[in-house]
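What follows is a short report on a single structure.
Numbering (our numbering), first residue to last: 27 to 642.
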């Protein structure tokens, strides 16, 4: 091993190794797509920085697209180079002209003014760090960096027109690990609007200057200027993201988590009392009966021991849903583990979505195996059809929805539309990797065979008496979904804010704990409702267990609509369709995962319950 050490090659994760600069080295400034900065913005469509209607300054030779990961593209990142000339500790506090844009037409001015009214933000990247504005949280008085900065000023309106920010004060914070080495640890931008004559002489004096108002009736010129300042900082490179990943009032997360844990503990105690006291007593009484005598069995759940493992109606779609739900649950678990270990750092843009896509593709074998075994255990015989639908049904359905949403993005002129090459790559991942692996998993699942039931099934189905209304499928699903949703709605708010209000989310510790609490709550609630069903002599528990477990998805959909009504102002048809489409996908995936958890929890409980009684 010692002799092999000289041949060892190492690698580093993107963003995990510092970039050391020397004095005078060039620092690249990359531009990204423009996004709505507030949740109350009227539009949810991102726009390319070099959209011709913005008339931003372009680098010599035209903008060049930078390489991006799959997840970065899916999340709407469109990164290009820029004409900004920034060198380490050179030209400090020097006012410079970026370019003079002549003849901005009235149509272009109206487009820019509308984006300012909708509170769009400009996004830059320097050394992997996003440009931000320094702000102070009102409650805790903590300083944090709010990523992105305003395209213009919409609050101090003049002549009923917003003001365009055409000057940027760029403050680069650097840390010096050695005397001649510099590392960028912070990027701050203060935009300003400087009006008046757009002369050839650069003007960076923001004091006593009228704002730049874009006339929508006649052409005018715009001069873009900037000034770079270098400030030394004590922040080391390893903790430079701490100011960006600011958690607003972490007490809310802790309160929600503690409240959820208390609910789970109470549920577990309740279920334990039912199973230990009631079920154990019933089992002892049942096993004490002399089966040689003619005894009338009239005790609740024991009456249906010969029906409880009867194959449900439509076992094929149920097994397909369970298989895909297992695949999603495995993907979410592994992704959260990687996030907790710090591999999904925001410095590696799009890594979260990339890991999710890759895990989904390679966990197709898990979905195929589980679906096949469940299908065979439920009495299914068409194994090829089960394998085919497990591999293709859900990916095809999601792909159709994403394709339609992408069509609306294209019609709205959004740069967030997924390019054709990326769509082709997704097809290759899903149908070139996930589908074959799913087929292999289905083969081994079928070869393993069905799960043996602890009791026999009667040849003639038992008549089912009318049950209480609260055990009806949809009523039970709505009632059971309240507790899992209540355990997660606080984190759901921050996740929705991250997706639709351009806020960073990096509280993966809270998210992982919340996911564990939701899974445990879903399992205990589903077991409890399944026990009530069996006590009511309703032995058709398979589909109901899945619906009861996935009941929280209905509340997630309802909360998403409530979030739209209270936090968003969507006016364009494309924004409404995009929001509802993404919300439906979130609810659908939640339904599959929680429904699968509920099904397996009930299956385990039913097998344990009926395996403990003595049957002749």
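All C-beta atoms, glycine included, are put in the ideal place defined by N, C-alpha and C.
Contact check, residue 620 vs residue 510, beta carbons under 8 angstroms: Within the chain shown, the letter at position 594 stands for residue 620. Within the chain shown, the letter at position 484 stands for residue 510. Yes, the pair counts as a contact, with Cβ atoms nearer than the cut-off.
Distance, residue 624 Cα to residue 638 Cα: As a working mapping, residue 638 is identified with position 612 in the chain shown. As a working mapping, residue 624 is identified with position 598 in the chain shown. So the two alpha carbons sit approximately 21 angstroms from each other.
CB-CB length for residue 245 against residue 140, believed under 8 angstroms: Numbered from its first residue, the chain shown carries residue 245 at position 219. Numbered from its first residue, the chain shown carries residue 140 at position 114. That pair is no contact at about 18 angstroms.
Exposure of residue 353, with buried meaning 16 or more beta-carbon neighbours within 10 Å: By 1-based counting over the chain shown, the position of residue 353 is 327. Residue 353 is buried by the Cβ-count criterion.
Residue 216 - partner residues in DSSP beta bridges: On the chain shown, residue 216 is found 190 positions in, with the first residue counted as 1. Answer is 195, bridged to residue 216.
Residues sharing a beta bridge with residue 173, DSSP: Counted from its first residue, the chain shown places residue 173 at position 147. DSSP, once it has assigned bridges, lists 158 as partnering residue 173.
Residue 65 versus residue 608 - alpha carbon distance: What you label residue 65 is simply residue 39 of the chain shown in a count that begins at 1. What you label residue 608 is simply residue 582 of the chain shown in a count that begins at 1. Per-residue confidence for residue 65 stands at a pLDDT of 48, beneath the threshold of 50, marking its modelled position as unreliable; the derived number appears in the next sentence. The alpha-carbon atoms of residue 65 and residue 608 are separated by roughly 16 angstroms.
Continuous beta strand (DSSP E) stretch holding residue 128: start and end: Translated into the one-based positions of the chain shown, residue 128 becomes position 102. Note, residue 128: beta strand (DSSP E), 122–130.
For residue 608: DSSP bridge partner residues: Mapped onto the chain shown, residue 608 falls at position 582. BP columns for residue 608 are empty, so no partner.
Rounded distance between the beta-carbons of residue 457 and residue 485, thought under 8 angstroms: On the chain shown, residue 485 is found 459 positions in, with the first residue counted as 1. On the chain shown, residue 457 is found 431 positions in, with the first residue counted as 1. Not confirmed; about 43 angstroms, so no contact.
Contact check, residue 334 vs residue 565, beta carbons under 8 angstroms: If you number the chain shown from 1, residue 334 lands on position 308. If you number the chain shown from 1, residue 565 lands on position 539. It is a contact, given that the beta carbons lie within the stated cut-off.
Distance CB(residue 73)-CB(residue 59) smaller than 8 angstroms: Your numbering for residue 73 matches position 47 in the chain shown. Your numbering for residue 59 matches position 33 in the chain shown. Closer than 8 angstroms, so yes.
The stretch 373–384 contacting the stretch 87–98, beta-carbon criterion three pairs below 8 angstroms: yes
N-terminal and C-terminal residue of the alpha helix (DSSP H) that residue 392 is part of: Taking the first residue of the chain shown as position 1, residue 392 is located at position 366. Element bounds for residue 392: 390–403.
Per DSSP, cross-strand counterpart(s) of residue 664: In the structure displayed, the chain extends from 27 to 642; residue 664 sits before or after that span and is not available.
Strand pairing of residue 210, partner residues [DSSP]: Sequence index remark: in the chain shown, residue 210 carries index 184 (1-based). 200, per the DSSP bridge assignment.
Range covered by the beta strand (DSSP E) that runs through residue 60: Locating residue 60 in the chain shown gives position 34, where the first residue counts as 1. Where residue 60 is concerned, there is no enclosing beta strand (DSSP E), given that its DSSP letter is neither H nor E.
Whether residue 198 touches residue 221 by CB criterion (8 angstroms): Here the question's residue 198 lines up with position 172 in the chain shown. Here the question's residue 221 lines up with position 195 in the chain shown. Cβ atoms of residue 198 and residue 221: not closer than 8 angstroms.
Beta-carbon proximity check, residue 191 vs residue 214, cutoff 8 angstroms: Counted from its first residue, the chain shown places residue 191 at position 165. Counted from its first residue, the chain shown places residue 214 at position 188. Contact: no.
Interface flag, residue 588 vs chain B, CB-CB below 8 angstroms: You won't find chain B in this structure, because it holds only one protein chain.
Inter-residue Cα distance where the pair is residue 581 and residue 539: If you number the chain shown from 1, residue 581 lands on position 555. If you number the chain shown from 1, residue 539 lands on position 513. Distance between the alpha carbons of residue 581 and residue 539 is about 20 angstroms.
Residue 148 - containing alpha helix (DSSP H), residue span: Working through the chain shown from its first residue, we reach residue 148 at position 122. It is not in any alpha helix (DSSP H) - residue 148 instead sits in the beta strand (DSSP E) that spans 146–148.
Exposure of residue 144, with buried meaning 16 or more beta-carbon neighbours within 10 Å: Position 118 of the chain shown, counting from 1, holds the residue named residue 144. Flag for residue 144 reads buried.
With 16 other Cβ atoms within 10 Å as the buried cut-off, status of residue 75: Here the question's residue 75 lines up with position 49 in the chain shown. Classification for residue 75: buried.
Closest by C-alpha distance to residue 351, when choosing among 251, 88, 395: Indexing the chain shown from 1 puts residue 351 at position 325. Minimum Cα distance to residue 351 is reached at 395.
Nearest-angstrom Cα separation, counted from residue 449 out to residue 264: The sequence position of residue 264 within the chain shown is 238, counting from 1. The sequence position of residue 449 within the chain shown is 423, counting from 1. About 35 angstroms.
The stretch 359–374 / the stretch 404–415 touching (three or more Cβ pairs under 8 angstroms): no
Run of the alpha helix (DSSP H) containing residue 341, from where it starts to where it stops: In the chain shown, the residue the question calls residue 341 occupies position 315. 341–366 is the extent of the alpha helix (DSSP H) around residue 341.
Cβ shell of residue 254 (< 6 angstroms), same chain only, five flanking positions each side left out: Translated into positions along the chain shown, residue 254 becomes position 228. So the list reads 112, 196, once near-sequence residues are dropped.
Local Cβ density within 10 Å of residue 217, reported as buried at 16 or more and exposed below that: Along the chain shown, one-based indexing puts residue 217 at 191. By the 10 Å Cβ count, residue 217 comes out buried.
Top-ranked residue by Cα proximity to residue 287, from 248, 590, 547, 224: Stepping through the chain shown from its first residue, residue 287 is reached at position 261. When each option's Cα is compared against that of residue 287, the closest is 547.
Separation of residue 202 from residue 208, as counted between CA atoms: For the purposes of this step, residue 208 is taken as residue 182 along the chain shown, with counting starting at 1. For the purposes of this step, residue 202 is taken as residue 176 along the chain shown, with counting starting at 1. The alpha-carbon atoms of residue 208 and residue 202 are separated by roughly 5 angstroms.
Check whether residue 680 and residue 506 have beta carbons under 8 angstroms apart: Because the chain is modelled from 27 through 642, residue 680 falls outside the range shown and cannot be assessed.
Reference residue 101, options 578, 590, 503, 376, closest by Cα: Counting from one through the chain shown, the residue named residue 101 turns up at place 75. When only C-alpha atoms are compared, the closest one is 376.
Endpoints, the beta strand (DSSP E) within which residue 189 is located: The residue given as residue 189 occupies position 163 in the chain shown. Note, residue 189: beta strand (DSSP E), 187–190.
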